[in-house]
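S.K.: Sharing a structure, written as structure tokens. Questions coming.
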Amino acid sequence: MNVYVLGLALHPPSPDERRFRLEELAYHTARAALDSAGVTRRQLDSLTLGACDELDGRPISSMLMSAPAGGYNVDEIKVTDSGATAMCLAYARFAAGDTDLGLVVSWCKSSKADVEAVMTSRAEPFFTRPIGIGGMVSDALFAQAVGGEFDIGPAEATRRVVAAYARAAGNPRGMAHSVPTAEDVDRSSMDATPLRAGHRAPLTDGAVALVLASERFVERNAGARPLARVAGIGWATDSYRLGAQRLRSMQSARTAWRDALRRAGVEDATVLDVIELESPTGYHEAAYVRALGIQREDVISPSGGAFAQNPLFCTGLVNAAEAVLQVAGQAGPVQRPLVRRAAAHGCHGFAQQGNVVMVFDTPGALQ
Amino acid sequence: MIQTVAVLGTFETDFKTHHPEHTFAEQAQIAAAGALHDAGMSPDDIDAIVFSLAPTHFMGVADADRWSIDYIFGAGKPMMRVHTGGATGGSAVQAAYNLVRSGLHRSVLIVGAERISETPDAQHVLNLIFDVFYERDMPLSTNTTVGLLATRYLHRYGFTQEDMARVVVRARGNAMRNPHAHLKGHITIDDVMASRVISYPLKLFDICPRSSGSAAMIIGNMEMAKRFRTRPAFINGVASQSTTYWIGDRLTPTSDADFVDFDIAAAAARECFRQAGITDPLKQIQATEFYDPYSVMTPIQLERLGFCGPGLAYRLEREGYWNTSGGAVAVNPSGGTLCTNPIAITGLVRAIDAANQVMGTAGSMQVPGVTNAVSTAVGGLMQFINCTVFGADAATH
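First to last, the protein sequences are chains X and B.
With the working numbering applied, the first sequence covers -8 to 358.
With the working numbering applied, the second sequence covers 396 to 792.
Here it is, written out as structure tokens:
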């Protein structure tokens, strides 16, 4: 059964969203997505949330958050890996024929959480936590490992960061960070070898919502105009151990990529017009490009990816929204020409332990 | 292509307050290995994993699911963690069901563990689920909120604390036949009445224990069922419902879902039973496994799921209607959540106990002739509920 994206919304990113409480952030984003799709909350029959108690600052955060996000008198469920993982489950729910119209919603107020403390609390208490491994250190371990595996050096990482900021500067849905020079990046503080502060995408606050519809719903509602079809989806999670082999292999990224492309009927990256990668550093982008066999630089993250906005938990789902906009021809100043098929990627966990890949294409005969 | 979904294997550990002999990840491994053994499967036969884990604040490792991945033979596989509070275990079954039914995966391992007693007092964590500005200072807690619910229910239908106690007596008695149950014993109504008051009218025995342990279930499509299970239980209906966070908004005359009436349970059951072809639950379902951490939640679910009319469940309890032997339907032959509540996996344990009844593998808890069984899971102060029907034959919805 085909699954379509009927509408979406991205909350304007902010380094520190003070206008809205967390539930207001979710409400306004879900509301805007419903308006974008031309449907009402009462038509919804499912809600799939991607949220993290620890980042939200309360146990069972969906108790507070589900209704503002559309979860009132509907079938609601939450996954805690990432916003992109919520998209995987939502897709399965639609493909199983159990829902016709639903929201996928995710959010993150990075500014309200001590992110490094949350990452440290993710470490198991016997070996990882006592040596102080958190998000930054595990990212650096990843950068070291893939640097050795793929011959990625600081010059390439810096080049990719500057290019990402430059692309992000044109994205009206981004932070409009100033574009640093290579010298700015190379002179920034060394946070954890080999990562300098300038290599890392700044965290932001944000929220994203997508309205999904079944083929049945689209056929029965003549006014429904899908933005894109979800052509394929894949996800996988690697070992928890931060050994060199696990970090170098990027196995879960490769598996997620392979499964998503296979389900989309796509052989390789050459037929993808846009690939929105979640690359928290320049090293990550360089590694993903190589591991996933992406040959063309011009298809990579026209939105600027995490350097446009980086609401940690939902950056991957933001990428999905950007990819859908590209397929729909609605990406604005960062629109690439003639986009028929776009992929979005998200990652999560220590040193990108988990990876998600989503492929979107034009709705075809339905348009 | 839409797939039929079957239960291929189950496992649960014994439940108790502490499991100091194992780490969390080892507990998860014990459950995963147990379910694989029960199904006669190897780790390579599993395509994907759904991890059942509610608030990690109880045990203090925020990525406990990902820490466990190597232990549950999942490294490199698709995995996701589901968390809907107390409803988590049932939601995990629902998510796994979606992954198989959609054709994305042939087989999915649902696994989880709970060690709630790592925290000195789980109530301190649970108190934080209430709204900071309006409800937390009242003070609402899980016990005081359900105390208010019980008061309202008893008043509305004219029942007494002894009626609540009768549910506990039956549950503890049923648990005597459950080798995994945390609390069990032949107790009397007087014993329940004599236990100390926690939040009027709830006394200690009206409330579930804080249990630790682990559990796993493996489900798969028909191809996998033919390979690995002679007599599977089919997942014939799955539905969830959610309502407002605000308790006050469930108490007004104009509320969509009255707190005591628990209307979302009726809505979830309607959809679940529709899928499963259940038109008369009392006649078609022989065993239930309800999420009932309080003795007042058993009658409410019996009524809302259509086993009897509103306000009748306690009266029928007096007449033995819900007894495992000689009753109209065996209500919680395992002893239910009143006897065992490992929050992260309680919904999964309920599903396992219901599926085992259909597969004829419930051991000393087995109820004869079970062709349909229903399990529920409830989360977020009755804000979320899910409902699953297991059948001996596959439904065709």
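Cβ atoms here follow ideal geometry from the backbone N, Cα and C, with glycine treated the same way.
1) Would you call the stretch 560 to 575 of chain B and the stretch 457 to 468 of chain B in contact, with 3 or more CB pairs under 8 Å?
2) Can you tell me which of the three DSSP states Leu357 (chain X) falls into?
3) Taking Arg496 (chain B) as the query, report the chain X residues whose CB atoms sit under 7 Å from its CB, ordered along the chain.
4) Would you tell me roughly how many angstroms separate the C-alpha atoms of Val221 (chain X) and Arg565 (chain B), rounded to the nearest one?
5) If distances are taken between C-alpha atoms only, which option among B:Ile582, B:Val655, B:Asp788, B:Ser502 comes closest to Ala628 (chain B)?
6) Compile a chain-ordered list of the residues in the stretch 630 to 648 of chain B whose CB is closer than 8 Å to at least one CB of chain X.
7) For Cys782 (chain B), tell me which candidate among B:His519, B:Ala663, B:Pro596, B:Gly615 has the shortest Cα-Cα distance.
8) Distance cutoff 9 Å, beta carbons only. Does Ile68 (chain X) sit that close to anything in chain B?
9) Is Gly471 (chain B) close to chain X, meaning its C-beta is less than 9 Å from at least one C-beta of that chain?
10) Under 8 Å by Cβ, that's how I've got Ile68 (chain X) and Ala278 (chain X) pegged, so tell me the actual separation to the nearest angstrom.
11) Go through the stretch 302 to 336 of chain X residue by residue and report every complete run of the alpha helix (DSSP H) that reaches 4 residues or more, in order.
12) Any heavy atom of the ligand COA inside 8 Å of the beta-carbon of Phe657 (chain B)?
13) Can you grab the Cα-Cα spacing for the pair Asp105 (chain X) / Ala198 (chain X), in whole Å?
14) In the DSSP assignment, find the unbroken beta strand (DSSP E) run with Asn92 (chain X) in it and report its ends.
15) What does Ala520 (chain B) touch in chain X if you count any residue whose Cβ is under 7 Å from its own?
16) Taking C-alpha atoms, which residue in B:Gly786, B:Ser650, B:Arg745, B:Thr625 lies nearest to Ser447 (chain B)?
17) To the nearest angstrom, how far is it from the Cα of Val445 (chain B) to the Cα of Gly775 (chain B)?
18) Can a CB atom of chain B be found closer than 9 Å to the CB of Ala356 (chain X)?
19) Need the endpoints of the alpha helix (DSSP H) that Thr369 (chain X) sits in, please.
20) Output, in sequence order along the chain, the residues in the stretch 277 to 303 of chain X whose CB is closer than 9 Å to any CB in chain B.
21) Give me the chain X residues within the contact set of Gly480 (chain B), using Cβ-Cβ distance strictly less than 7 Å, ordered along the chain.
22) Just to make sure I have the definition right: I need the residues of chain B whose C-beta is within less than 9 Å of the C-beta of Gln34 (chain X). Which are they?
23) Please return the same chain residues whose Cβ sits closer than 8 Å to the Cβ of Cys703 (chain B), not counting the five positions on each side in sequence.
24) Out of X:Asp66, X:His336, X:Leu268, X:Arg232, which has the shortest C-alpha to C-alpha gap to Arg113 (chain X)?
25) Would you mind telling me which residues of chain X sit closer than 8 Å to Pro450 (chain B), beta carbon to beta carbon, in chain order?
26) Cβ closer than 8 Å: which chain B residues qualify as neighbours of Val95 (chain X)?
27) Output, in chain order, the set of chain X residues within a Cβ distance shorter than 7 Å of Met474 (chain B).
28) Leu646 (chain B) to Phe419 (chain B), Cα distance in whole Å?
29) Between X:Ala131, X:Val(-4), X:Val330, X:Val70, which has its C-alpha nearest Tyr184 (chain X)'s C-alpha?
30) Taking Cβ positions only, does Asn493 (chain B) come closer than 9 Å to chain X?
31) Below 8 Å on C-beta distance, what does Asn64 (chain X) contact in chain B?
32) Threshold first: 4 residues or longer. Then list the alpha helix (DSSP H) segments lying entirely within the stretch 42 to 98 of chain X, N to C.
33) Anything in the stretch 551 to 581 of chain B with a Cβ closer than 7 Å to a Cβ of chain X? List those residues in chain order, please.
34) Can you give me the C-alpha to C-alpha distance between Gly786 (chain B) and Asp748 (chain B), rounded to a whole angstrom?
35) CB-CB under 7 Å to Pro450 (chain B), same chain, minus the five flanking residues each way: which ones, in chain order?
36) How many Å lie between Met533 (chain B) and Ala342 (chain X) at the Cα?
M.R.: In brief:
1) No, the stretch 560 to 575 of chain B is not in contact with the stretch 457 to 468 of chain B.
2) Summary for Leu357 (chain X): the model assigns pLDDT 46, below 50, so the residue's position carries little reliability; its value from the coordinates is reported in the next sentence. In the three-state DSSP reduction, Leu357 (chain X) falls in the helix class (H, G or I).
3) Going along chain X in sequence order, the residues near Arg496 (chain B) (Cβ under 7 Å) are Ala87.
4) Distance between the alpha carbons of Val221 (chain X) and Arg565 (chain B) is about 50 Å.
5) Of B:Ile582, B:Val655, B:Asp788, B:Ser502, the residue nearest in Cα terms is B:Asp788.
6) Per Cβ criterion, the list reads Val633, Ala634, Ser635, Gln636, Ser637, Thr638, Thr639, Tyr640.
7) Residue B:Ala663 is the option with its Cα nearest to Cys782 (chain B).
8) Residue-level contact by beta carbon holds for Ile68 (chain X) and chain B, with a gap shorter than 9 Å.
9) Judged by the 9 Å Cβ criterion, Gly471 (chain B) is in contact with chain X.
10) Between Ile68 (chain X) and Ala278 (chain X), the beta carbon gap of about 32 Å keeps them out of contact (Cβ cut-off 8 Å).
11) Listed in chain order, they are 306 to 319.
12) Summarising the ligand content, the structure contains no ligands, and the ligand COA is consequently not present.
13) Rounded to the nearest angstrom, the gap between the Cα atoms of Asp105 (chain X) and Ala198 (chain X) is 18 Å.
14) Strictly speaking, residue 92 (chain X) in this sequence is Leu, with Asn absent from that position. Segment 92 to 100, the beta strand (DSSP E) holding Leu92 (chain X).
15) As written in the sequence, residue 520 (chain B) is Val, which differs from the Ala given in the question. Taking a Cβ-Cβ cut-off of 7 Å, the neighbours of Val520 (chain B) in chain X comprise Pro50, given in sequence order.
16) Scanning B:Gly786, B:Ser650, B:Arg745, B:Thr625 for the CA closest to the CA of Ser447 (chain B) turns up B:Arg745.
17) Taking the CA atoms as reference points, Val445 (chain B) sits about 20 Å from Gly775 (chain B).
18) Note that Ala356 (chain X) scores a pLDDT of 49, beneath 50, so its modelled location is shaky; the value from the coordinates is reported in the next line. Not an interface residue.
19) With chain X represented from -8 up to 358, any question about residue 369 (chain X) goes unanswered, as that position is not in the structure.
20) So nothing in the stretch comes that close.
21) Correct list: Ile51, Met54.
22) None at all; the shortest Cβ gap to chain B is about 16 Å.
23) These residues qualify, in order along the chain: Leu677, Leu697, Leu711, Tyr716.
24) The closest CA to that of Arg113 (chain X), considering only X:Asp66, X:His336, X:Leu268, X:Arg232, is found on X:Arg232.
25) Neighbours of Pro450 (chain B) on chain X, chain order: Asp44, Pro50, Ile51.
26) What Val95 (chain X) touches in chain B: nothing, since even the nearest Cβ is about 13 Å away.
27) The answer, in chain order, is Thr228.
28) Whole-angstrom Cα-Cα distance: 40 Å.
29) Residue identity check: residue 184 (chain X) is Thr in the sequence provided, not Tyr. With distances taken between Cα atoms, Thr184 (chain X) lies closest to X:Ala131.
30) With 9 Å as the cut-off, Asn493 (chain B) counts as an interface residue toward chain X.
31) Result: Gln636, Ser637, Thr638, Asp651, Ala652, Ile659, Ala662.
32) Runs found: 44 to 47, 53 to 56, 74 to 86.
33) Taking 7 Å as the Cβ-Cβ cut-off, the stretch 551 to 581 of chain B has no residue approaching chain X.
34) The alpha-carbon atoms of Gly786 (chain B) and Asp748 (chain B) are separated by roughly 13 Å.
35) Excluding residues within five positions, the ones whose Cβ falls inside 7 Å are Val520.
36) Going from the Cα of Met533 (chain B) to the Cα of Ala342 (chain X) covers about 43 Å.
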